[in-house]
Each structure stands twice: as C-alpha cells, then as structure tokens.
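Participant:
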Amino acid sequence: TGGSGAAGAGDTSGNQLLTIPREDLATFTRNFNPLSPQAAPMTLQAVYEPLVVHSMADGKDTPWLAAKWEQAKDGKSLTFTLREGVKWSDGQALTADDVVYTFQLQKKVLGGFDYLDKVTAVDAHTVKFSFNKPFSPAFFEIGGHYILPKHIWSKVKDPAKFTNPNPVATGPYTKIEKFQSQSYELHKNPDYWQPAKQQIAGIRMLAFSGNDSANVAFTNGEVDWTQSFIPDIEKSFVAKDKKHNHYWFPATGAMINWQLNTTKAPFNDPAVRKALSTAIDRDQITKVAMNGYAEPADCTGLARTYDKWRDTSLAASCTWTKYDTDAAAKALDAAGYKESGGKRLLKNGKPFTLDISVGSASSDWISVANIIKQDLAKVGITATVKTPDWSAVVNSYEQGTFDTGIVWSNNGATPYEYFRGVMSTVMVKPVGEKATENYHRYGDKKADKLIDGFAAAPDEPSQREQMNGLQKLYDEEAPVVPLFTGPEWGAYTDARFTGWPTEKNPYATLGNRNGSTILVLTSLKPVKG
Amino acid sequence: MTAIEIATATTPTTPARPARRRGLLRQLIDNRKALTGLTLLALFALLAVLAPVLAPGDPSLINSTGSRAPSAAHWLGTTAKGQDVLALTLWGARSSLFVGFTVGLAATAVAIVVGLASAYFGRIVDDALTLATNVFLLLPGLPLLIILAAFLPPGTSTVILVLVVTGWAGSARVLRAQAKSIRGKDFVAAAVVTGERPLRIMFREILPNMASVVMTTLLGCVIFGIGAQAGLEFLGLGDSSVVSWGTNLYWASNDGALMTGTWWAFVPSGLCIALVAFALALVNYAVDEITNPRLRSVKKRRG
Amino acid sequence: MTEPLLSVRGLTKDFQVGTVFSRRRVRAVNDVSFDLPAGRITALVGESGSGKSTIARCLARLEQPSAGQVLLDGEDVLRTERRRASRAYRRKVQMVFQDPFGSLNPVHRIEHFLTRALVLHGHPATTEALREVMTTVGLTEDMLQSYPHELSGGQRQRVAIARALAVEPRLILADEPTSMLDVSVRVGVLNLMRRLRDERDIAMLYITHDLGSARYLADTTMVMFAGELVEGGDALAVMDAPAHPYTRLLLSAVPDPEQAGSYDPAERARLREEILNPTSCPYGADGTCSRTEPVRHIVGEDQGQPHWVRCHLRAPASDIARRVLKATDRPAGEATHDTAKDTEKAETTAA
Amino acid sequence: MRLILRNLGFYLLAFWASITLNFVLPRFMPGDPVSRMFAQAQGTMQPDQIAQLQKLFGLDDRPLWEQYVSYVTSVFTGDLGISITRFPTPVSDVIGSQIGWTLLLGGVALVIAAVVGNLLGIVAAWRRGGALDSAFPPLLIFVGSFPYFWLAMGALYLFGVSLGWFPLRHAYDAGLAPGFDAEFLSNVATHLVLPALTIVLVSVGGWMLGMRNTMIATAAEDYITMAEAKGLSPSRIMFRYAARNALLPSVTNFGMALGFVVGGALLTEVVFAYPGIGYQLLMAVQGLDYPLMQGIFLTITAAVLLANFLVDLVYVRLDPRVRVH
Amino acid sequence: MDPVLEVRDLRVEYRGDGRTVVGADDVSFEIGAGEIFGLAGESGCGKSTIANAVMRLLKPPAEITAGSIRFQGGDVLALDARELRAFRWRQIAMVFQSAMNSLNPVLTIGEQIVDIFTTHERMKKRAARERAGELLQLVGIDPGRLKAYPHQLSGGMRQRVVIAMAVALRPRLLIMDEPTTALDVVVQQEIMAQIRDLQRELGFSILFITHDMSLMVELSDRMGVMYGGRIVELAGAKELFAKPLHPYTEALMNAFPPLTGPRRELTGLFDAPRTADSCGFHVRCPEDRSDCSMNIPDLREVAPGRWVARSLEGASR
Ligand SMILES: Nc1ncnc2c1ncn2[C@@H]1O[C@H](COP(=O)(O)OP(=O)(O)OP(=O)(O)O)[C@@H](O)[C@H]1O
Ligand SMILES: Nc1ncnc2c1ncn2[C@@H]1O[C@H](COP(=O)(O)OP(=O)(O)OP(=O)(O)O)[C@@H](O)[C@H]1O
Ligand SMILES: [Mg+2]
Ligand SMILES: [Mg+2]
C-alpha cells in the first residue's frame, strides 16, 4: 500500500492517531458548533460531552458530566448532580449555570423540549429540570444532551451561525489541528477530567466521496474504524487480515418498516396488511439485500433492538411475519381478493397492483423493494418499484399520496418513540396535510392510552405492562409491516488500537457518530512496538 | 487492373461529388472502419432485440446465489444479488441502445430544426437561436444534467429528456454552420427566385445537402447519449430499477464489485458501452473519410 | 418607344454587417435609376464589388432595397409586396446565377428543377413541357434524369436558363452567367441568350465584367462604379466612344492581342486622378448640363438611345471610390493608407 | 476590439441566461432541504426537529420575483448565501476552498490532453499512413469510448490498490501542511496522476483526431504547397505553416472542452475522493442545498464563460483575420 | 543557345482507386533564356499539372510515369529531398493561381518573405527583413506593410507580394499559373505590366499559364495550346494568333468577342463531354475533321518552330 501516505498505516509508535473516515463528507468545514446539524464530525463525540452516556449496545447508562441523577416520584422533574472537578478546556470549571444556559440556548435557537418547563441551578453542581407533565423519556433526551460553556457562548452574537473554529469543551480531544478540507486532527484536551482514559494521542478524520473510496482505504488498512456500509464484509475486509480485522453489527437501530398507506383501500384492511407481510421473504431480504447485516423482524416490531422490552411469548405465537406464500394467498382469498389467471384482483375487480417508493439514494432498500416485488408476484400482485429522489418520496409520504414505501421508524432508548410513530393518533394527519411521522396514517385511541401510560409510568414493571399492551395491539392491527432491524454497522482493525467493544464486551456499539462513541474513545489503547 | 481514363475537360472531378454517386450507405459498407463499426452495432442491436430469447432468465431476479464467478451455469457469473450478469448485460443493451439512439435522434432533430431555422431566416432568429445554442453549449453539461435529473421524476423518459436538453446544442452549432454555408449557395437563392416556400427550401433543398454532417452529429449524439446515461445512472441519478449498462455499473459499484474481486459484475457493461461507442465512432470517422477523401488512409502502392 | 417593362428609380442598398453588438452599414448601391425594356438586353458592366450583383439580387427580391422604387409594368412592387415577392412577381422576373455549379442543388435530378419551376407557377409539368424547355436551351431530353454533376459547366448553365425559362418570365436577370464557364463554352451560352431575346421578346439584364461580351450581346450598356451608374447608352457607342474616365480606364485594361503592350501607366494615372479628383467638366461649357438631370449629361444619341454620362465633378461617394480603386492602385503613397481606416471612412459616408 | 466587445456582450447575455436558469431550476424541485435531510438521517432525527431546522435555515418564502431580484443583486455583489448542507458556512467559502482543486485537476488534464493530442495529431497527419497514424487513432478512440468513471475505477484498483504506485485518494496526504515547498508540491503531483490520467485517456483521442483531420485539410492548402515550393524545411512547414493554422479550431474547442472537463472531473472526483466542486455539486443536489447548488453552478458557468472569453482573446491574437472585421 | 527548361515526353498520371486519370500526356517543350512561354487551354487540360511537375510539387496520387525534365541541363527528376529544397525557389519560383490562398493567413507577409532568405541564404533576421522591404518596393508596395497580414491587403497587392517573393532569389525561371484569374481586369493589367518590367530588369524566363488567349498573346513570345493533356499546337505567339492551324486553337481564338470593329457572330466550341474512346474533339470541330482518328495525334513540325497535332491529311488542306 505504498504511496498512500496515510501516516496511520502500520504506525505503532504509541503516538499513532486513531484514523476515522467519513464516507458521507467529501470535504470538511471547520464548524464545531454543536447546534449546527452539520457540525464537523466528533463535535458531539470527542469535543462536547453529555451528562449521561447511554449505550444502545447494552442499554446501560454511564454517569458522565453528571455523577448522579434522580427522577421525581411524580415523574414531573429530574435532578442531575454534576461531577466535581470537571474543567473546560480553557481551564474554567464546569458549573450548573453552564447546563442551564445550554438548554436555554437550545430552546432559543432550535426550539423543541416542549415538555420542559424550566431548568434551574439548585446550586453550583445541581441542576433541576421541571416538566409540564410526567415524561420519563425525558431522561434520555436531557441526559444525552451536550453541554456548552456559558462563558464562551453567552458572548457569541449569533450562536446559530457561529462556526466555533476552536471549541472550548470538556471532551477528551478538543484541540483542532491541521484542519484541511479533507482531513483534520483532534488532539488531547490538557484539562480533561479523566486523563487516565486519554490513552490515544489523538484522532484523525478523513473525508471521502462515498462508500467506495472510504472502503478502499479501510480494507487497505489505512484507517482504523469505519461505520460505512461495506459490501460482503467477510470477503472484502475480514479475509484481508483475519487476525486484526473485525466487525460487529449489533441490532440497535430502529425497525425498518414497509408502510402501507392505510387511507387507501385495500391497505386499510389489516388482513391485507398481514397477508402481504406473510408473502415476503424476510430472510432473503436481510441476507441478499441487506448483505446479511440485518435481522428479520417479528410481529412485535421489537425484535433484537428492544429485546429487553419484547414480549417473547407473543413473538413465538404470531405468524404473520413468517414467510409463507401459500398462507398469504389463502389469507388474501379469504379477505376477498381472488386470483384470476395468475393475477390477483381487488374487490372492485381491478387488478391488485401497488407502488413501492424508495428514495433513489438508498440502493439497499431498492433491492429490498425489488425482492418484495418479486415475492408479491408469487401471490399474483403486481408491484412497481418507484425510485425518485428521496425528497420527492418524502414529499409523497408527508402528503399521504403514496401507495406503499419502505421507511425508517423513530429511534429511542425505549420503544416509546417507535410505537408513538406507528400507532398514535396524535401524529396522524389527514391526507394532503404534512405529516412528519406516521406517514401511513394509522392511529388507534387504545394505542394512545398505552403510549401515554408508558411515558407517565413511574417504574419499569408498569412501563413493561403498557409495552406488552402495545405489542399485542401491534400484532392484531399490523399498523406497518416490519421488515428488519436497522443494524448499527461498525468495523475496525486492531492492528494499531485495542480495547474495542465486541459482542462479548458490548460496552458500546461500533458506531462512531452516536452517543456511545465517547466510551470507545476513552477505552482504546494504542498498540506499541 | 485499373481502368485508364483520359483527362476530360468537361467533367472535373470535384472531391465532394463521389459521395452522391454511390449512396452513402454503400460507401460505408465498402469502408473497412465503417464495416467493423456497423457489424459491431448490428451485433449489439441483435443481442438487444433477442435479449428475451438469449438471456438466461430474468435479469432482475434476486436470489441468494450471489457473487459466483463465471461458470457453465452463469457464463459471466452472478452479481452480489445473485443476478445473472449475462442476462443483465443482454437486457442492459436494450435500455442503453434505446436511450442512446432516442437521444441521438431527438437531439439531432432539435439541432436540425434550430440549425436550419437559424441559417435560413438569419438576422434576429439567428441571433436568438445562436445565443440559446451557445448558452446551452457553454453551460457545463454534466452539472446541468445532474440538476435536471434530480428534479424530474426518474425514469427512462426523464433521462432521455434531460440528455436531449443538454445534448442538442453542440450539434445545432455544427449544423447551423453547415446550413449557413449552404444557405449562401446560389441554389438556395435560385429556389427562392423560383418561388419555393421557406419550409420546403429548408427541408428539401438545404437538408439533403447536409446528409453527412447530420450523420456525424447523429452518431456523436448517440455516443453522448449512451455515455451520459451511464454517467447519470452510475451516480444514482437514473432509474435504478431499469436494467441498463449504467445501472449495472451502479449496482456493481454499490455491491463493491471491485473490492470483493467480483470483476465480472463490473467489466461486461463497461466494455459494452465502450464497444458500442467505439463502433459508432468508427462509423463516424468513416463518414468523415467518405465525405472528405483526403482523410482516407493512404494505401501503400504495390510495385 | 413603349413603356419599359421594369424601371428602377433611386435604388439604394445598405448592408448591415456584424452582429447585434456591432452593427454597421455598408452602402453597396447608391441611388441607381435605369429602365429595362422588353426585347432588349441591357448590360451592366463594372469591376468586382461595384454593386452589380446587388442590383440583380434586389430586383430578384433576394435582398430588400433600402430605398428607391422598382416599377414593374408601372407598379411599384416594393410598396405592394413589402416583405416578400409575390408569386406573380416571380413569374415575371427570373434570375440566372453566376456559378452553374452552385445554382443547381447537387442532390436533385435535372427534372426536379424544371418540374418545380413549372408546377410552382401553375404550368402542368408534362413530358412535352419538359421536352420543350430542354430543346429550347439546346439540351436533350435524356439529360432530365441526370444529376448536375454529370453535366458539363455549359450544360449546367443551360439548365439554369431552362429553369428560368420554364416559368415563362418577361425579364431574366443574368448575373455573370458565363464568367465561371470555361472559355470554350461561353459563346454558346451568349448565343443562347441572344436567341431568347429575339424569339421570345424577353427583357434581360446582363451583368458582366467582360466588356467584350457586353459589346457582343447587349443593346444597351451601363457602366457601374462604386455603387453608382456612371455611363450608359447604346452598347457600341459606349465602347467606341467612352465618355467617363472610369469607362476608359476599364477599357484600357482589357487585354488586346492586336495592340500588345498598349499599357500606358501615365495615361492610367491620369484617368484615376480624374476619377477621384475631378477638376473640370468637359461638357459644362456647351450647356449640356441644363438639358438633363443634375448628374447626367447626354453626350450623344445612337440607335434612338441617349448616351449619357454621370457628372465628372461628382465623384461617386468618393471614399468608396477610393476603396474600390485602391485594389488597382500602385503608387506607394496611396498604399500607406491603412485599409481599416479607409474602410471605416467609407462606412461613415455610407451611413 | 469590436470582436472582443461583441463577444463580451454575448458572454454577459449568456451569463444572465444561465443565472436565470440557475434560479429557476432548483425552485421546481419537489421537497425542501429539511425534509430531505430528515429522510437521509433515516430515523436518527426527531420529527420535531424539522420545524426547528426550517427556522434555523430561514428558508425563503417571499414571492418568486422578489427572490429573483434579490438573487440577482446578491450574485453581482458576490454574496451567494449560506450553504444548507454545510450550515452555517457561506457558499462562497465552500466553493472557495474547493474550486482550486477542480481547476487544477481539470486544467492539468485538459492541457495535457490538448497538448499531447494535438502533437500526436500533427505528427500523424504529417506522416500519413505511418505507424503512428494507423495504430494510434483507433486505439485512442477505443480507450476514449470507456466511461470516465469506469476507467477511473479500473485505474484506481490497478495502479492504486494492486500495484500501489499512486495514492488512492485526496489531493495530498492527510496531515501535510499546504505550502509552496517541494515536498507538498510533489505530493500534490503524485496525487494528481491517476485522476488526471483518466481524463486525459478519455479525451486525448478526440484531440488527436480533430487535429489530424484539420492538419490534413490544411496540408492541402495552397500556402502549404507554396511553402514547399519555397524550399522550406519540412519541420518548418509542419509547425509554422500547417500546424499554426490547423491549431485554430483546436483553440476554439479548448474553450468548449472546459465545460466537459468539469463534468469529467466530477465523475473522477467521486472515484478518487478528490476535492473539488464537481462532487460538492452532486452532494448539494442530493441535499437540496439550493444556495450551494446555485453557487457552484454559477461558479462553473462563470468560469467556463470566462475561460471562453480568454480563449477568444487568445484566438484573436492567433488569428489575425478576426482582428479587423 | 541552350534552353533553360527542357521538358521531354512528359506523362503524368493521377492514380485513384480503380481508375487512373492522365493529367499530362507526352508533353514536350522548351523555354529559352529570357523567354516568355505561354501555355493556354481550357480548364482541366493539364496546365497546372505540368507546372507542378516542373517544380516537383506533384503529390500522390499524381505520378510522373514517363519523360524527363531538365533544368539548365540538370535532371530535375533525379534530385533528392535536400537538393530539391535548394533547387526550388532559387532556380525556379512559382506564382500560384490564387494569391489569397498562397499566403499563410496567420503570418505577416514580412515573416513569409524573410523565411525565404533565412532558409536559402542563411541570412540574419534583420538583414532579411531589410531585403524583404526592398523587394516590396520593387513591386510598388510600401515596405511599411511588411507587418501586414495577407487579409489586410487588397487582392492586387497580395498578388504583387507573391510576385515579389517569387523573384526574391532571382530565379532563372518563373512559373506563373494563372496569376491574375482571381483579379479584376484593371488590376490584372497592372500586374502584367509589373511582371513585364521585372522580367526586363531581372532577365528570367517565364512559363506563363492562363486560359485567357488575349492576355497570353499579348504577353508571351511563344506559346503552346493544350487540350486533354496534350499540346496540340506550339508556335510563336503572334504567328499563332494570326493563323491558328489546329481547329481547337482556332475555336479558342474565336471564343473572345472583340472590343472593336463590327459585331460578328461567334461560334465558339460545342460542349460535349469527352469519352474514353474519343478525344471528343471531332464533334467540336467546326468542319468535318473526323478523319483525324479518335485520338489526338502527335505533334508534328509543319514549319520551323511551328508544331501542330494534326494528321497529314488535315495539314495538307
Ligand atoms: N450580404 C452582404 N453583406 C455585406 N456586404 C455586402 C453583401 N453583399 C455585397 N456586399 C458588398 O456590397 C458591395 C457590392 O457587392 P456586389 O456583390 O454587388 O458586387 P459585384 O459588382 O457583383 O462584384 P463581382 O463582380 O465581384 O460579383 C461590395 O463591396 C460587397 O462587399
Ligand atoms: N489530385 C487529383 N486527382 C485526380 N485527378 C486530378 C487531380 N488533380 C488534377 N487531376 C486531373 O488532371 C487533369 C489536369 O488538371 P490540371 O489541374 O493540370 O488542369 P488545369 O489545366 O490546370 O486546369 P485549370 O485551368 O482549371 O486550373 C484534370 O482532368 C483533373 O481532373
Ligand atoms: Mg457579382
Ligand atoms: Mg490549374
């Protein structure tokens, strides 16, 4: 791999930089403003830190800037106690005022946090968040939120447009070095509050113009840790260096659903939705279209990602997510959609056809749609895969003009967001009015009650009760057709760094852009000699 | 034996004439370059037409026998999604050739109309059309293509439309220049004096004299069409559910064909594009040679 | 004499050159008036660039004159048919072009040209009609199926004449119909034109720079210089007794084997000087001026035609004249003039 | 000078036409950047953030003509707005940091292709029927028939991955400080080899054939015969008389080729992760980043127009015939 | 006195694919020192072919298949490439048909003249430029125009520049291939006068080619009339004009309407194409001369210095 010149390659001096590619950014802009949706990579992972780090891999919450926290009995407030001795990278101490200021700023610039009544600094190290209703999911949202230094940001004129080129933060790697359009380095924060965990000398980010070029660099051993999609990873990556090259794709992401527009016949018929679900071969989909990197869904909608919440007995008993062409055909016959001459007919005698819309950029989902199309043909349904640009697709989703589509679901620490997104009436908008979730426009009052009940539930057992109710409802109604879990991709080489999360030691996922990335950064050790 | 002819005063041999004495087509067949090109094209056309018969199975059928190297069962192997590469390549010829030739014909038709109108009417019409042509010519093609392709609904017709919109200008310029020089010829003035109508003059008097230029620009447009379609599709701006050489390459690249060593998914479509473009280019140069005998290859004289 | 078939009064043509951003005008024909009577050949002679073709093209309505009148049978066609000539006009006025290689579309057979001419003007294109036209110009019927390139130059020019004749016009504009032909066939075409005049009573405007052929063919000769007519009259009279220095200059330049080496540089220089800087009027004294329009002097009469000459004192748009004569100029002093500058000057005058 | 003024007028008109087109096009695109961003995030963004972001980006909902007026004025004041996909970086900054690389890649590739192609063409035409003349044109046409990206990927895997001769990506090594020192420049040069090579390979054949054909036509001109009759040496005739004249169409083509090179560079940039505005444009389009898209398109157009204008100036210098006219 | 140029039995063929055109057939003539020799004939009869053959400028598909060309006793056809370059322009110079096209449009006329001196006389640029200025003066053009490009000059001036270039090295023979056809009559006359002056001054011989009989008779000492690649008549110019012997010559003379005297009906020539098996001329013959066989006969000397291609019978009439 001569001539490639990446300093990281083969470097085991102990001072080697952890090299991370970004396949989705061809160039970087020096913007370390966490308020910006396009902040430079690592702004929220290595530069700014949250109060609590939640790991999707093991579901654990690690105290971070907050040493401990307490939820009020009525669920209407939350109190965090900040860790002592945390300093900003300019030497100033972290105080409760910083936390208060951060949330004020956030609300002012970006809005959101509708449930949050007020944030008060109880004392220098205690912050209290008061809500206007009992709302348990708030813990993850607030706890996972980055904290900004008030003494810096209060002087910034327009925080939304501030590019924050030299961030002052609490994270382990806050010094920006050698910033160039296609690479930059993050060096150690000299004032870090847990210096023992700053074992790597720094991080180098590299920009790539797409999966292809990033993957070439990765399989060539020039970068350490990637989150990009690597086709056939066993062959293209692991086989290159069996000893050092590893990957781990835990299912942590949200469920990917096939949504059917329930405002349209025949998709308003749960029997049809279930029959269509039975007709598709999820194994084929996950294996071929998703490269075997995802897991098939089950009829709770919670498979793998939320195993902790899943009603396993329900999952074992229901069948509408099991591939069975004959059963699907029979179910359709029974629901009144007869087959004639190899083509299935609607009740009005017209042929049963449907469109599947997927954004053109999502090549893997296009393949998923193509497999669905193939499977539906077996039960006499003609599907057409439509792949305009994502913006056009989303537009048809938002307006409710689509037939069917493959769509993500809301992500959260608990299945709360998922069920709210697919079943709550609160989010249902009439066709023609812009919906931001629940595009398939299915709502059920029973679900609303369960969802609210979950948010207000004071403890886990009562939460679990609501969750089981939701799963049962989901199984009965099939509001969407769950396809597979969204995996959290991640692969690494331990030729230069060790201490990676693995299936055996799942302290974090292998993603390098999420909340638990900081755990990895503070666990890695350079290989020496 | 070469026939000996005596210099004749009354029939001077002007170079442009022989082209018409024998049809352009006949001469093309006599030209070695053109023959190679035409044969290749015919072969591809045949493959495209017969794809449903020749291709082993449905090209888009996804299954789990992915990434197999070429073998007796799959002559060109399979893609990562288990699709038969031979079937994809054969079916791909249909879309690619169809788009290429449609774009070529449509862009040339636009260019002919613009070029002729510009040359025939002159003055303001010419100024306006020339400006439009030059603007389209100078607008960076691929970027414009990308923008257009992104905002129109995907599909073969969009690709065609977009390519025609961005592809006609070059030909229009060439055709206008040619038409203008013919416009200045006395036979056009003679037709006017005889009392012919403008449209008839444009299409019956001027156009037939531009046969070879029309042919050259047509071939150029087809090459452009095929190449640009592939480029667009490769960038994911085409319709990825259509089987064409461009989408084949798009999928190959998506599936990391080169990285996983599945070269057979990547090579055939690219080679086909190149071969078709090469064939068209050969015919193109042959047309040049025929209309401009100076360009003909010098034969080494025997004895 | 009867009313002329076509009269031209004050014809002026400016060309716009350049594109939208830098238009400028060039005057090609300046205030030209003459008559074309039926059954007569009128020759228009002059050097290259003097505006002969422009006149023909204006009359053929291929160009739009900038000013002036064109009276066909007494009616001003420029007023009645402003933009394009009507079929009726085309039916009366036809044109034969200089280059027979260029004026026949190489992609059509001979038959096509004649058929179109016949059909467009309401004559049935029968075999007899075609045969008749062909024989009139001395071609055989079997040539109808040939392509232009299969014919000799002379034959081609005959086809071009046949096309004009097929319409049965009353006026034929012939713009140097023989200058591109080989020496050996020129006379044949000239003789054909003469025959047509005699047999069909057609009016002809014969444009040429070959003074000999004008003398041979024409009844009336007009001499053109720098966009203006400078002399006119009976063909023989104008050649035998040229009145304008430019006509004399032109005549002295024609090679004449009978008088080899007759070239006299001093005489030439004098003539040129006279054209550009006229000092005295040779006819002014005897009062001829008063008998005519201000710029034309009648200097004699031949065959019932006045022989007139343009006033020597008014050099035609003198800067254009200088430019035209420049090509013929030899004195080193003259040559130092910058072409561009001169051109510019000429244009300003024109505009 | 008239010619130049006239051309300037044309270029201004063309520029106006293209900025207008540029204004109109994106506004016909369905969807808005925020929904777009949301779709791309695929579930990692909360729906209520959409409204927040829309607020943040301050999307324009004034009447179109007002937008047009302010757009045109801002174009002429050089204010291209703020990029959405790289918020809050101004578009001019994004373009400014990238355009140099596109110019470098495109320029180097174009110049090499034109120079090499023209030289080959000259020599081929001069030695009609020689080895060069018979072997090169078909070979180069064939190579030129491959799609840019196909050759680029082939070159990347062959020369980069398998043989390791050239770097695989970027304009220079990560961590290297840009500067005008030998180390940096040679680093840039090695990174340029593969991307430029692909563009050159695809385009050189066209140059060669174009030049060859004009050379052959020129060689039949009377002034070449005259030069031969004058007894001048063959090389003098070839360059000073034939090539000098045959070059003129190439000069015009050179301007025209610029637009195509940007396109070619775009595909190449993607494969080699080479920085540049071509790839940036693709990203802007995919992110519905109107300001950036418009800015880039405008910059490319302006650059192409400017280059053509410069080519015109050069042409006027090279061809005395167009000077007065 | 030895002739400057001696062409013997020259035959030139143009070999295309499948057919061969004979451009010049069995052509013989000579030009003495200081003599002006004219070559007349209709278009395509082979005049330029001969001129190019003498300069060795014929390019494929043209080929000299027979005959010899001797210049001052030396064999022109035997020269190798280097000798040829030295031979051209220094010994024989040429003025081409169209001045517009024989000057390189992108070089100033000065550069093009200087090229001659730097190549042939190895002169320094500055000296060469001085000489170029003198040359221009010789043909009546201001030396200041050395910096002019061809298109900035009028047709007549361009042709004069070409003539100036032709006499730059004072060659022994000047070939002029229709030097004035593209020009106006008035200009044409001036140029011819110029050539005469120069010839008187520098004493070179001229091979003068045109189809304008009057011009030719006026200028040349001796002339040949060509038809179909062959010379059909060869004689002193005045003699030939006074009494053409070959019917073609006669017809050619008859094709120019005179400027003086009474109008008289001219006959000209009948235009019928030639075919491979006939000279085509027997149909054109004003009288019945079809007995002269189907092809043009060889030249015969009918009187001292008078040659005509005619069968014996015809001659005796
Ligand atoms: N279309 C045109 N645009 C601009 N100028 C023109 C145009 N046609 C003719 N001219 C100019 O008008 C003048 C007269 O041209 P015209 O062709 O009438 O001359 P002519 O006497 O026919 O010459 P020739 O003997 O060469 O045919 C010339 O100076 C010419 O440059
Ligand atoms: N390159 C060529 N290939 C084939 N035939 C040619 C070529 N050049 C000339 N000829 C033929 O050779 C014959 C003589 O041509 P040449 O040019 O010598 O005639 P010319 O007397 O100079 O005519 P013009 O008066 O038209 O210049 C013609 O019949 C012509 O067709
Ligand atoms: Mg004219
Ligand atoms: Mg000749």
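Protein chains in written order, with my numbering: chain C, 1 to 529; chain S, 1001 to 1303; chain E, 2001 to 2351; chain F, 3001 to 3325; chain A, 4001 to 4317. Backbone N, C-alpha and C define an ideal beta-carbon position, used for all residues, glycine too.
Under 7 Å: does the beta carbon of E:GLU2228 sit that close to some heavy atom of ligand 3?
Facilitator: No; taking the cut-off as 7 Å, the Cβ of E:GLU2228 has no heavy atom of ligand 3 nearer than that.
Participant: Within 8 Å of any Cβ in chain S, is that where the Cβ of E:MET2095 sits?
Facilitator: By this cut-off, E:MET2095 is an interface position.
Participant: Sort out for me which residues DSSP pairs C:TYR492 with in a bridge.
Facilitator: C:TYR492 pairs with C:TRP225 and C:HIS246.
Participant: Do you know whose CA, among C:LEU521, C:LEU524, C:LYS528 and C:ASN512, lies nearest C:THR226's CA?
Facilitator: Checking every option, the nearest Cα to that of C:THR226 belongs to C:ASN512.
Participant: Taking only beta-carbon atoms, is A:ALA4128 less than 8 Å away from chain F?
Facilitator: No, no contact with chain F.
Participant: Does the stretch 2140-2159 of chain E come within contact of the stretch 4003-4020 of chain A, defined as at least 3 CB pairs closer than 8 Å?
Facilitator: Judged by Cβ distances under 8 Å, the stretch 2140-2159 of chain E makes no contact with the stretch 4003-4020 of chain A, as fewer than three pairs qualify.
Participant: Quick check: does the Cβ of E:SER2066 come within less than 7 Å of any heavy atom belonging to ligand 6?
Facilitator: Absence of ligand 6 is noted for the structure shown, with ligand 1, ligand 2, ligand 3 and ligand 4 being the only ligands found.
Participant: DSSP has C:ASP324 in a bridge; who is on the other side?
Facilitator: C:ASP324 pairs with nothing; no bridge assigned.
Participant: Taking the Cβ atom as the reference point for each residue, do C:SER516 and C:MET56 lie within a distance shorter than 8 Å?
Facilitator: Yes.
Participant: Would you call S:LEU1046 buried or exposed, if buried means 16 or more other Cβ atoms sit within 10 Å of its Cβ?
Facilitator: When all chains shown are included, S:LEU1046 counts as exposed.
Participant: Along chain A, in chain order, which residues have C-beta atoms closer than 8 Å to that of E:GLU2141?
Facilitator: Residues of chain A passing the Cβ test: none, with the nearest at roughly 16 Å.
Participant: Please name the residue or residues paired with C:TRP69 in a DSSP beta bridge.
Facilitator: In the DSSP output, where bridge partners are listed per residue, C:TRP69 has C:PHE80.
Participant: Can you tell me where the alpha helix (DSSP H) holding F:SER3137 begins and where it ends?
Facilitator: One detail in the question is off: residue 3137 of chain F reads as Pro in this sequence, not Ser. Where F:PRO3137 is concerned, the enclosing alpha helix (DSSP H) stretches over 3131-3144.
Participant: Report yes if the CB atom of A:ARG4222 is closer than 8 Å to the CB atom of A:GLU4006, and no otherwise.
Facilitator: Taking 8 Å as the Cβ cut-off, A:ARG4222 and A:GLU4006 do not qualify as a contacting pair.
Participant: How would you label F:LEU3008, buried or exposed, when you count the other beta carbons within 10 angstroms and need 16 or more for buried?
Facilitator: Under this definition F:LEU3008 is an exposed residue.
Participant: Can you tell me which of E:LEU2192, E:GLY2233 and E:ALA2266 puts its alpha carbon nearest to the alpha carbon of E:LEU2249?
Facilitator: When each option's Cα is compared against that of E:LEU2249, the closest is E:ALA2266.
Participant: Return helix, strand or coil for C:ILE20, following the three-state DSSP convention.
Facilitator: Looking at C:ILE20 - three-state DSSP - the assignment turns out to be strand.
Participant: Considering only the beta carbon of each residue, do C:ASP98 and C:PRO50 sit closer than 8 Å?
Facilitator: Contact: no.
Participant: Should A:SER4098 be listed as close to ligand 4, given that the test is whether its C-beta is under 7 Å from any heavy atom?
Facilitator: No, the beta carbon of A:SER4098 sits no closer than 7 Å to any heavy atom of ligand 4.
Participant: How is S:MET1259 classed by DSSP in three states: helix, strand or coil?
Facilitator: S:MET1259 falls in the coil class under three-state DSSP.
Participant: Nearest by alpha-carbon distance to F:THR3077: which of F:ALA3217, F:VAL3069 and F:THR3218 is it?
Facilitator: If we check each option's Cα against that of F:THR3077, F:VAL3069 comes out closest.
Participant: Looking at chain C, is there any beta carbon in it that lies within less than 8 Å of the beta carbon of S:GLY1066?
Facilitator: Yes, S:GLY1066 counts as interfacial toward chain C.
Participant: Got a sec, what are the start and stop residues for the alpha helix (DSSP H) C:VAL109 sits in?
Facilitator: Looking at the DSSP string, the run of the alpha helix (DSSP H) that includes C:VAL109 is 96-110.
Participant: Is C:SER181 closer than 8 Å to F:SER3097 when the C-beta atoms are compared?
Facilitator: Yes, they are a contact pair.
Participant: Is E:PHE2225 close to ligand 1? I mean its beta-carbon at under 7 Å from any heavy atom of the ligand.
Facilitator: No, the Cβ of E:PHE2225 stays beyond 7 Å of every heavy atom of ligand 1.
Participant: For a cutoff of 8 Å on Cβ pairs, would you count F:ASN3213 as touching chain S?
Facilitator: Judged by the 8 Å Cβ criterion, F:ASN3213 is in contact with chain S.
Participant: Consider the Cβ of S:PHE1044: report whether some Cβ of chain F lies at a distance smaller than 8 Å.
Facilitator: No, S:PHE1044 does not count as interfacial toward chain F.
Participant: Can you find a C-beta in chain S that's less than 8 Å from the C-beta of E:ASP2099?
Facilitator: Taking Cβ atoms only, chain S reaches closer than 8 Å to E:ASP2099, which makes this a yes.
Participant: Just the chain E side, please: which residues come within less than 8 Å of S:ASP1186 by C-beta, in chain order?
Facilitator: Residues of chain E passing the Cβ test: PHE2097, GLN2098, ASP2099, GLY2102 and SER2103.
Participant: Here's the rule I'm using: 16 or more other beta-carbon atoms within 10 Å means buried, otherwise exposed. How should F:TRP3165 be labelled?
Facilitator: Exposed: under 16 other Cβ atoms inside 10 Å.
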